[in-house]
Structures are given as C-alpha cells and as structure tokens.
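S.K.:
In the numbering used here, the protein residues as written are 73 to 507.
1) By the three-class DSSP mapping on this structure, what secondary structure does residue 122 have?
2) Give me the DSSP bridge partner(s) of residue 323.
3) Determine which residues share a DSSP beta bridge with residue 137 and list them.
4) Report all residues from its chain with a CB closer than 8 Å to the CB of residue 464; omit the five preceding and five following residues, and keep chain order.
5) Compute the beta-carbon to beta-carbon distance between residue 196 and residue 145, rounded to the nearest angstrom, for a pair I have assumed lies under 8 Å.
6) Once you ignore the five residues that flank residue 276 on each side, which residues in its own chain have a CB closer than 7 Å to its CB?
7) With a threshold of 6 Å on Cβ separation, who are the neighbours of residue 259 within its own chain once the five nearest residues in sequence on each side are excluded?
8) In its own chain, which residues sit with a C-beta less than 6 Å from the C-beta of residue 266, not counting the 5 before and 5 after it?
9) If you count every other CB in all the chains shown that lies within 10 Å of the CB of residue 263, and 16 or more means buried, which is it?
10) So the candidates are 123, 164, 445, 77; which of them puts its Cα closest to the Cα of residue 311?
11) In whole angstroms, what separates the C-alpha of residue 368 from that of residue 388?
12) Can you tell me whether residue 468 is buried or exposed, with buried defined as 16 or more other CB within 10 angstroms of its CB?
13) Here's the rule: buried if 16 or more other CB atoms are within 10 angstroms of the residue's CB, otherwise exposed. What is residue 378?
14) List the endpoints of the continuous alpha helix (DSSP H) containing residue 288.
15) Is the region 395 to 407 touching the region 425 to 438 in the sense that three or more CB pairs, one from each, lie closer than 8 Å?
16) Output the boundary residues of the alpha helix (DSSP H) element that contains residue 401.
17) Quick check: the region 482 to 500 against the region 148 to 168, are at least 3 beta-carbon pairs closer than 8 Å?
18) Comparing C-alpha positions only, which one of 128, 131, 147 sits nearest to residue 94?
19) Where does residue 350 fall in DSSP's three states?
20) Using only the alpha-carbon positions, how far apart do residue 375 and residue 481 sit?
21) Please state if the CB of residue 124 and the CB of residue 136 are separated by a distance shorter than 9 Å.
22) Return helix, strand or coil for residue 95, following the three-state DSSP convention.
23) Looking at the structure shown, is residue 239 part of a helix, part of a strand, or coil, going by DSSP?
24) Apart from the five residues just before and just after residue 472, which ones in its own chain have a Cβ nearer than 6 Å to its Cβ?
25) In terms of residues, what are the limits of the alpha helix (DSSP H) holding residue 255?
26) So, does the region 416 to 433 touch the region 172 to 187, judging by three or more C-beta pairs under 8 Å?
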C-alpha cells in the first residue's frame, strides 16, 4: 500500500501541471489547497514515503512526500521566474547547507538526510507561495484555505473534547504542535481583516483557530497567541488607524469573551486531572542542561535529527538529571534554539536565527513603509507571527516538524513575494510618472 500511495502522489505532479496550464483561471483552487493542506494531510493520509523509519525517535522519520509538495512543484513549474530576485532565499539556503553539513558528524547519517530532504520540501512551499504572493486575490484564496484548515481542526478538537480528551490535539498528534501552527492562521487572518477583508469565512477561521487553541489547554500557546493578537492590533493602529480597525478591536474583545471561558474550563480540567507543579520546570531545565552540554562537546553539532539518540546513548540526559521514563527520554529539548545548536552546531544555530530574524525585521520595515493598501497589513501579520514564533521557541521544539514548517514557509513566502512584487512595480510606476 505504501508503494501505491507513493505512486499516486507522484502521479499528481503531471496532473497538477496539466491542470494549472490548461485552466489558469482555476489557479485559485490551487492557492486554497496550499493554505488548507498543512492542516488536513495527517487526517486524510495525503503523504507517503520513499523510505520510512516509523520507530525512529527523531522528528523526521523518512523521505516523505505529500500532496502539498507536488502541488507546490506544479505551481513553481507553471510560474514565471519563481526564483528570480527572491528575498530570504539565501538565508534559507544557508540554513539548509548548515543542516546538510551536520550529516558529516552524524552517527547515523541517513537519519540526518531525512531532515535535509524535509527542508527541501519546505523550500518548495516557500518558493511556490512567493510566486503568487504579489497578487492580493491569490493571497485571499490561500487565506480561505488557512481558514478551512483551522475550521477542520476546530471540529476535530471539539469532537475530542466531547469524547473526554483533556488536551485536544486535533489531527496533529500533540496540542503544542497544533497550537503553534495555528499562530500562522490566527495572526495573518486577523491582519487580513484589519486590511479591510469582510469575508465571513476569514472571520470564522480566526474564531475556529482560537477555539482549537483553547481546547488544547496549553498555557504557552494560549499566552503567546494572546500576546500576538494584542501586539498585532497595537502595531496596526500605530501604523494607520482606521474605523475598520477599531471595529476589529471591538470584535476581538467579543471573541475573547467567547473563547476565554472555553480556555479556562480546559485549564481547570487539565489541572484537575494532572495538577501543575514545579516538576515540569525542573524537567525543562534538565533538558536544557543536556542540550548545552551536548553543544559544548560538539561545536559542529551531533547531526540533525539525532538529539534523542545522542542524549541517551552518550549519557547527556542522565548526567543532566532528565527523568528516566519513556516520555522524557524520547523527547527533544523544549527549546528550538538549543535543539538547533545541539544538532547542527554553530553553523545551524546562527543560520537558523538569521532565517527567523531577517524576515521579521524586513517584514516590519516593509509594513511601516507601506502604510496604505492591504499589502503592508498582510506582511505585518506574517512578521508579528514570526516574532511570536521566535519567543515561543524558547519553550518549544516542534518547529522542526514538517507540518509546522509548512505554515512557516507559507508566511515566509507571503513576505518575500510581497517585497519582490513591490520592487517589480516601482520601475513601472516610475515610467508611468515620467510619461
């Protein structure tokens, strides 16, 4: 069955290419698919593997390919010069190179190859989104897909909650992964509303994302998405206050009033079933001691996708005081920066920070230089999401899971495509003025 599934996914490449070339007016459905697929791939089994190691304790378990990858390939093939003058491409390639370099120090090189292959897939999503991100109509349709993905996850989490699950995780397997992914729905869609979008689907998508986050009962996720919303509203108003934005602020207060009781009830049941104590903080500190020790001993890293194996086989977890049970010893350090440093060393650590920091800064600068029109608002939403991801990453490692990297690549493509499109429009505008 694995071979059949793989063949079907690979056969979708020529089908998608023929469809997009033969019916260019239908590209909007491809854009919608790009937004929705990260949230439905797992639930609908829309991926397959050339090679799979299901028992591997790392986050990349094989050479996987999904329907979103093949759709991205088709969009790139049918686009005009998708790689030309693309912002952030060098930063992405630098991180990819640093991760590939870690293969040379990996005790099990094939497992590190899995993550390199995953990053290549994520690169395809980034380039594909950037190829159409200059078109507001394309962004709108992709946002419809993000909203539908959030609604799908909200329905699943509601069903899980009614079935007695204390921390609903949707189809993502863990509430922290789903919550972090939904940052990339809540904030960009809210930015679209601030830009003047009045679609009920977009509004429902924001509400659905917040409900799914609340039902996940993750303190970090709820806290960071709340900070992100407040920060986005404040920056948007500082950038250019409008009547529409003040209406959105009022609507946000109403939504918070609806979602807050759901979150409080989820937290109450969570802490009734599993009382909170200082042990979780002590365990987090133990993980960080293990990762820092690993980084000191291996300045070039131990190899991507290798943390759990090395932490146990070389005694780092034991010496750091990580609890001896399956859940703890099979988990990564709860800090995406330390995970990057331990696995890929200084090259991976520095290029990873650059990959996060450069788009955040350039996106914020772009947003405040373009105070009129929706493009600056949309880029502001993505940039604030990068900022919140950067803060949340001090407490989470799940950025390295490919579902999470998909939505990151989508936001990265939106910022890069918007910046590139403006540069392309400037010469035309200048010629129009002089003529």
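Beta carbons: idealized from backbone N, C-alpha and C, even for Gly. Note that the structure is a prediction, hence the values are computed from the model and not measured.
M.R.: Taking the coordinates as given:
1) DSSP places residue 122 in the strand class (E or B) of the three-state scheme.
2) Its beta-bridge partners do not exist; DSSP assigns none.
3) Answer is 120, bridged to residue 137.
4) Excluding residues within five positions, the ones whose Cβ falls inside 8 Å are 252, 255, 292, 293, 296.
5) Right, their Cβ atoms sit about 6 Å apart.
6) Residues 219, 223 of the same chain have their beta carbon placed closer than 7 Å to that of residue 276, with the five preceding and five following residues left out of the count.
7) The answer, listed in chain order, is 300, 304, 453, 456, 457.
8) If you ignore the 5 residues before and after residue 266, its C-beta comes within less than 6 Å of the C-beta of 308, 317, 320, 449, all in its own chain and listed in chain order.
9) Buried: at least 16 other Cβ atoms inside 10 Å.
10) Closest by alpha carbon: 445.
11) Per the coordinates, the alpha-carbon of residue 368 lies some 11 Å from the alpha-carbon of residue 388.
12) Here residue 468 is buried. Its C-beta has 16 or more other C-beta atoms within 10 Å.
13) By the Cβ-count criterion, residue 378 is buried, with 16 or more other Cβ atoms from all chains shown falling within 10 Å of its own Cβ.
14) Where residue 288 is concerned, the enclosing alpha helix (DSSP H) stretches over 272 to 288.
15) No, the region 425 to 438 is not in contact with the region 395 to 407.
16) 398 to 401 is the extent of the alpha helix (DSSP H) around residue 401.
17) Counting Cβ pairs under 8 Å, three or more are found: they touch.
18) Among 128, 131, 147, the Cα nearest to that of residue 94 is on 147.
19) Residue placement at residue 350 is poorly supported in this model, since its pLDDT is 48, which falls under 50; the coordinates are not used for a value here.
20) If you take the alpha carbons of residue 375 and residue 481, they lie about 23 Å apart.
21) Residue 136 is a Cβ neighbour of residue 124, given a cutoff of 9 Å.
22) Taken through DSSP and simplified to helix, strand or coil, residue 95 comes out as coil.
23) Residue state, collapsed to three classes: coil.
24) Excluding residues within five positions, the ones whose Cβ falls inside 6 Å are 131.
25) Looking at the DSSP string, the run of the alpha helix (DSSP H) that includes residue 255 is 247 to 266.
26) Pairwise C-beta distances place the region 416 to 433 in contact with the region 172 to 187, as three or more of them are shorter than 8 Å.
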